[in-house]
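S.K.: Let me begin by handing over the structure; questions about it come next.
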Amino acid sequence: MAAVHKVQRKAPVVLVDPTVTASDMTDSASAVQPVSAESLGSTIAAAVRAGELVLHYQPKLDCRTMKLRGAEALSRWTLPDGTQLVPDAFVAQAEAVGGISELTVWGVEQALRDSRWLAGKGMGSSLGGPIFVNLSGTLITRDFASRLIALVGDEAARIGFEITETAVLDNPEEALECLHQLREAGIALAIDDYGAGLSSLSYLKQIPAGELKIDRKFIQGMTRSNRDPLIVRSTIDLCHGLGMTVTAEGVEDAMTASLLGVMGCDTIQGYFISRAVPIEGLVRFIEEHPGTAPRVPQIRKKGGSPRAE
Ligand code: G
Ligand code: MN
2 MAAVHKVQRK APVVLVDPTV TASDMTDSAS AVQPVSAESL GSTIAAAVRA
52 GELVLHYQPK LDCRTMKLRG AEALSRWTLP DGTQLVPDAF VAQAEAVGGI
102 SELTVWGVEQ ALRDSRWLAG KGMGSSLGGP IFVNLSGTLI TRDFASRLIA
152 LVGDEAARIG FEITETAVLD NPEEALECLH QLREAGIALA IDDYGAGLSS
202 LSYLKQIPAG ELKIDRKFIQ GMTRSNRDPL IVRSTIDLCH GLGMTVTAEG
252 VEDAMTASLL GVMGCDTIQG YFISRAVPIE GLVRFIEEHP GTAPRVPQIR
302 KKGGSPRAE
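Written out as structure tokens, the structure reads:
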């Protein structure tokens, strides 16, 4: 089902987003709703002030131990008439007509608030990894990277960013420099939707990400095609060779999950584990599948004792 948005600026803009799937709808989130305002940027800022945006969290599980390994934050926008929008219904518009930076800043602040709240309940390490926020390629600029680093401050261990491999295509020099700055600030990076865009192995080598997420279109074909399992298997091996961990996105059944385990995949995410759930649902999930804090490298400071990075 296509999502149709009318965003009224000087001239009305109609954008069609074909990426909203029927399974998104079963998250009780509708995607067809006209949004009218001066620009989507001011609409999003007003929605944040009105408390219309919330973050839901989709957990990731360790393939071997089935322990929690962090979660991905996905925004949900409830309009005054009760319609709930999923990100596919407004992120592309926000990138095109404004509002994506407001949405991202709010998402990082909210993820930090929720992460601190979990830590306050003694569940900080049980989350098993950072909360990953999706970062649009349009925001990978020097100015915005500095803003993100300032926002995250000394809480870098709480947050990670997911970026698509194509995010660096427009201005690779600036984008790669920004990603290195985020990494140096201690923020985890994951390559999102790998294989969905026009991948370039040379960027894969240069992007300083510790994790790669294989796009769900390959995962969902694993038990149906001969080629997809081979592609997934070789991607897992390639990533391990590059020192990265691998997450499979869109795992919807037990057979796919066990096949991924046999292939050495590190982490799985998808409806088989859980849909994206509100923070209270994440608490219940943590109680059922407590994770442990990931092992962190020990680094020795000059003249000091070893400490965790
Ligand atoms: O691009 P990204 O991986 O960030 O997309 C996250 C989206 O993937 C969410 O909107 C969510 O609805 C969808 N999603 C998450 N898990 C599954 C799954 O198991 N199957 C399908 N079809 N979609 C999923
Ligand atoms: Mn993502």
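In our numbering, the protein residues as written are 2 to 310.
Heads up, the beta-carbon is just placed ideally off N, CA and C, and yes, glycines get one too.
Please read all numbers here as calculations on a predicted model, not as lab measurements.
Decide if ALA168 is buried, meaning its Cβ has at least 16 other Cβ atoms within 10 Å, or exposed.
M.R.: Its Cβ being crowded by 16 or more others within 10 Å, ALA168 is buried.
S.K.: Thinking C-alpha only, which one of ILE45, GLU53 and LEU261 is nearest ASP238?
M.R.: Minimum Cα distance to ASP238 is reached at LEU261.
S.K.: Buried or exposed, going by whether 16 or more other CB atoms sit within 10 Å of the CB of SER24?
M.R.: Note that SER24 scores 40 on pLDDT, short of 50, meaning its location in the model is unreliable; the coordinates nonetheless yield the value given after this. Its Cβ having fewer than 16 others within 10 Å, SER24 is exposed.
S.K.: Please report how far the alpha carbon of LEU152 lies from the alpha carbon of ILE132, in whole angstroms.
M.R.: So the alpha carbons of these two residues sit roughly 15 Å apart.
S.K.: Run through the DSSP bridge pairs and tell me what LYS214 is partnered with.
M.R.: THR248
S.K.: Taking GLY198 as the reference, give the member of ALA191, LEU56, ASP216 and ALA157 with the closest Cα.
M.R.: Ranked by Cα distance from GLY198, the options ALA191, LEU56, ASP216 and ALA157 are led by ASP216.
S.K.: Along the chain, where does the beta strand (DSSP E) that runs through LEU62 open and close?
M.R.: 54–63
S.K.: Give me the Cα-Cα distance between VAL1 and ALA74, rounded to the nearest whole angstrom.
M.R.: Absent from the model: residue 1. The displayed extent of the chain is 2 to 310, so no value can be given.
S.K.: Along the chain, where does the beta strand (DSSP E) containing VAL134 start, and where does it finish?
M.R.: 132–135
S.K.: List, from N- to C-terminal side, the beta strand (DSSP E) runs of 3 residues or more that fit wholly inside the region 138–198.
M.R.: 160–165 and 189–195
S.K.: Quick check: the Cα distance between GLY196 and ARG148, rounded to an integer number of angstroms?
M.R.: Looking at the two C-alpha atoms, the distance is approximately 29 Å.
S.K.: Select from VAL109, ILE192 and LEU104 the residue whose C-alpha is nearest the C-alpha of ALA157.
M.R.: The shortest CA-to-CA distance from ALA157 to any of VAL109, ILE192 and LEU104 is the one to VAL109.
S.K.: Just to check, is the beta-carbon of ARG77 closer than 7 Å to a non-hydrogen atom of the ligand G?
M.R.: no
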